[in-house]
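Chemist: Handing you a structure now.
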Amino acid sequence: MGETPQDWQGAREELARITAELRETLATLRVSAQLAGLVKTDLPDAQTQLGQVLELTEQAAHDTLSAVESSLPLARGIGEQIGEFRMQAADALARDERLVTLLGGIEGAADAVKLHLGEVLLAQGFQDITGQIIRRVAGLVQELEQCLSAQGCDIDVAARQVRRQAREANGQGPARADADRREVVGGQQDVDELLSGLGI
Amino acid sequence: MDKSMKILIVDDFSTMRRIIKNLLRELGFSNTVEADDGDSALPLLKAGGIDFLITDWNMPNMPGIELLKHVRADPATRELPVLMVTAEASREQIVQAAEAGVNGYVIKPFTAQTLEQKISKIFERLALAS
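The following block contains the structure:
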C-alpha cells in the first residue's frame, strides 16, 4: 500500500508539534539553569553586597559624626575665648577699632563653622533613610530566593506576602515617590496640619 | 522646661541615635540614654527616671508604635511625653500614632529647628495642662 498525501500531512503536523515541544523544553531547561544560578549564587551575592553597602555607609557616617563631635566643642570654644578676650583686652579694643573688626570677623567665622557642622551632622541622617530602603530591598531579594528554591513558586503570591509582612511588622520605612500607593504626607508641614486637626 | 531632664532615644540605627543625641546636646539637653528598639527600651523605662521619650517607628522586634502603646498602658509611664521621629509618612500611620497618644511627630529627614520646635511645643502644652 502506498502512502497517501493525508498520511504525509499527518506526519508533517506531528513533526511540527514535536519540534515545538522540543523547542519549548529546551527553552525551559535554559531558564531552569539560569534560575538555578540565580538562586545559588546571584541572589545570595546580591544580599551580601547590600549588607556591605549598609556596613560601609554606616562606618562612613560614624567617622563623619566623630569628626563633627570633635569639631563642635572647638567651634564653641573659639566663641567663648573671644568673649573672654573682649573682657581681658577691653582697653586695647577701645583704643583700636581695627582690633574690634578683626575680632568680629573671627567670631562670625566661628559661628558659621558651628552652623555648617550642624548641617553635616544632620546630613548623616541619610544613612538611616538609605539603610531602611536597603533593608527593604534585601528582604525582597531573600523572599525571591526562597520562592525560587521552592517547588511551584508563585511570584505574585510571594510579592503579596512580602508587602503584607512589611505592613504588619515594623512599619514600612521611607515613602517611595512613584511606587507608593499609600496616601503619604508631603513633609513636616502636612504632618503638623494633620495632627493639629486631631488636637495635637 | 528642665534642661537636665533624662531623655531616652530609641532608634535601631546607631548613626541616627548619635545625631539626635548631638542635636539635643546643642539644645542644652545632655542627660540622654539610648536603646536600639522597643524591647530594649522597655526595661529602661520600667527602671524609672526617664522624663522624655524620643522614638523611631520602623525597628526590629518591637517597633515604636508598640512601644508607645506599652508606655500608655503602664500606669508608671502613662504620662510620659513621647516624640516620634520617623520616616513613616502615611497619613494612616500618623493618625494611628495620634490615637495611641503620641505628643509629637517629626518626619525624617528633619532639621534641628523642627526638633527644637516640637520639643518646646510638647513641654509648653504639658505646662499649660498642669
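Chains as they are written, first to last, in my numbering: chain V, 33 to 232; chain S, 6 to 135.
For each residue, glycine too, the CB sits at the ideal point set by N, CA and C.
1) Tell me the residue span of the alpha helix (DSSP H) that contains ILE60/S.
2) Counting only runs that start and end within the segment 80 to 133 of chain V, where is the alpha helix (DSSP H) found for 4 or more residues in a row?
3) What is the DSSP secondary structure of MET6/S, counted as helix, strand or coil?
4) Can you give me, in chain order, the residues of the segment 52 to 77 of chain S that have a beta carbon less than 7 Å from any beta carbon in chain V?
5) I'd like the span of the alpha helix (DSSP H) that includes GLU225/V, first residue to last.
6) Give me the DSSP bridge partner(s) of GLU39/S.
7) Closer than 8 Å by C-beta to MET10/S: which residues in its own chain qualify, once you throw out the five before and the five after it? Chain order, please.
8) Who are the neighbours of PHE115/S on chain V, taking C-beta pairs under 9 Å?
9) So which residues on chain V does PHE18/S lean against when the C-beta distance must stay under 7 Å?
10) Counting only Cβ-Cβ distances shorter than 9 Å, please list the residues of the segment 77 to 95 of chain V near chain S, keeping chain order.
11) Tell me, which residues are paired with ALA112/S by DSSP?
12) Which residues mark the beginning and the end of the alpha helix (DSSP H) in which ASP160/V is found?
13) Any idea if PRO206/V is buried or exposed, counting beta-carbon neighbours within 10 angstroms, 16 or more meaning buried?
14) Buried or exposed for THR60/S, going by 16 or more other Cβ atoms inside 10 Å?
15) Put VAL216/V into one of helix, strand or coil per three-state DSSP.
16) If we ignore side chains and look at the alpha-carbon of each, how far apart do HIS75/S and VAL107/S end up?
17) Ignore the nearest five residues each way along the sequence and tell me which others in ALA103/S's own chain have a CB closer than 8 Å to its CB.
18) Mark ARG62/V as exposed unless 16 or more other C-beta atoms lie within 10 angstroms of its C-beta, in which case mark it buried.
19) Can you give me the start and stop residues for the alpha helix (DSSP H) that THR60/V sits inside?
20) Taking ARG96/S as part of the alpha helix (DSSP H), name the residues at either end of that continuous run.
21) Within 7 Å: the Cβ of THR162/V and any heavy atom of the ligand GTP?
22) Could you tell me which of ASN27/S, VAL15/S, PHE18/S and ASP17/S sits nearest to GLU121/S, measuring between CA atoms?
23) For the segment 78 to 99 of chain S, enumerate the residues whose C-beta is nearer than 9 Å to any C-beta of chain V, in chain order.
24) Count the other C-beta atoms from every protein chain shown that fall within 10 angstroms of the C-beta of GLY83/V, then say buried if there are 16 or more, exposed otherwise.
25) If we ignore side chains and look at the alpha-carbon of each, how far apart do HIS148/V and LEU50/S end up?
26) Give the DSSP-derived three-state secondary structure of MET107/S in the structure shown.
27) Is any beta-carbon of chain S found at less than 8 Å from that of ALA107/V?
Modeler: Quick look at the numbers:
1) The residue you call residue 60/S lines up with position 55 of the second sequence. Note on residue identity: the sequence assigns Thr, not Ile, to residue 60/S. Run containing THR60/S: none in the alpha helix (DSSP H); it sits in the beta strand (DSSP E), 57 to 60.
2) 122 to 127
3) For the purposes of this step, residue 6/S is identified with residue 1 of the second sequence, where counting begins at 1. Note: MET6/S maps to coil in three-state DSSP.
4) TRP62, ASN63, MET64, PRO65 and PRO68
5) Counting from 1 along the first sequence, the entry for residue 225/V is found at position 193. Segment 220 to 229, the alpha helix (DSSP H) holding GLU225/V.
6) Residue 39/S sits at position 34 when you count from the first residue of the second sequence. Answer is ILE14/S.
7) Position 5 of the second sequence, counted from the first residue, corresponds to residue 10/S. Result list for MET10/S: PHE34, ASN36, ASP56 and PHE57, in chain order.
8) Position 110 of the second sequence, counted from the first residue, corresponds to residue 115/S. The contacting residues are LEU154, GLY157 and GLN220.
9) The sequence position of residue 18/S within the second sequence is 13, counting from 1. In chain order: GLN159, ASP160 and GLY163.
10) THR89, GLU90, ALA93 and HIS94
11) Position 107 of the second sequence, counting from 1, holds the residue named residue 112/S. Residue identity differs from the one stated: residue 112/S is Ile in this sequence, not Ala. According to DSSP, which records beta bridges pairwise, ILE112/S is partnered with THR91/S.
12) As a working note, residue 160/V is residue 128 in the first sequence. It spans 158 to 181 - the alpha helix (DSSP H) in which ASP160/V sits, taken as one unbroken run.
13) As a first step, residue 206/V is located in the first sequence; it is residue number 174 there, counting from the start. Looking at its Cβ environment, which holds 16 or more other Cβ atoms inside 10 Å, PRO206/V is buried.
14) Along the second sequence, read from residue 1 onward, the residue named residue 60/S stands at position 55. Label assigned to THR60/S: buried.
15) Your numbering for residue 216/V matches position 184 in the first sequence. Reduced to three states, the DSSP call for VAL216/V is strand.
16) Residue mapping note: residue 75/S aligns to position 70 of the second sequence, counting from 1. Residue mapping note: residue 107/S aligns to position 102 of the second sequence, counting from 1. Cα to Cα, HIS75/S sits roughly 12 Å from VAL107/S.
17) Your numbering for residue 103/S matches position 98 in the second sequence. For ALA103/S, where only same-chain residues beyond five positions count, the Cβ hits under 8 Å are TYR110.
18) Counting from 1 along the first sequence, the entry for residue 62/V is found at position 30. Answer is exposed; the Cβ neighbour count stays below 16.
19) Along the first sequence, one-based indexing puts residue 60/V at 28. Per DSSP, THR60/V belongs to the alpha helix (DSSP H) from 37 to 69.
20) Counting from one through the second sequence, the residue named residue 96/S turns up at place 91. Element bounds for ARG96/S: 96 to 104.
21) With respect to the ligand GTP, the structure shown offers nothing to examine, as it has no ligands at all.
22) Indexing the second sequence from 1 puts residue 121/S at position 116. Nearest option by C-alpha distance: ASN27/S.
23) THR91, ALA92, GLU93, ALA94, SER95, ARG96, GLU97, GLN98 and ILE99
24) Counted from its first residue, the first sequence places residue 83/V at position 51. Flag for GLY83/V reads exposed.
25) Taking the first residue of the first sequence as position 1, residue 148/V is located at position 116. Taking the first residue of the second sequence as position 1, residue 50/S is located at position 45. Their Cα atoms are separated by approximately 35 Å.
26) For the purposes of this step, residue 107/S is identified with residue 102 of the second sequence, where counting begins at 1. According to the sequence displayed, residue 107/S carries Val and not Met. Looking at VAL107/S - three-state DSSP - the assignment turns out to be coil, as it is neither helix nor strand.
27) Translated into the one-based positions of the first sequence, residue 107/V becomes position 75. False, the Cβ-Cβ gap to chain S never drops below 8 Å.
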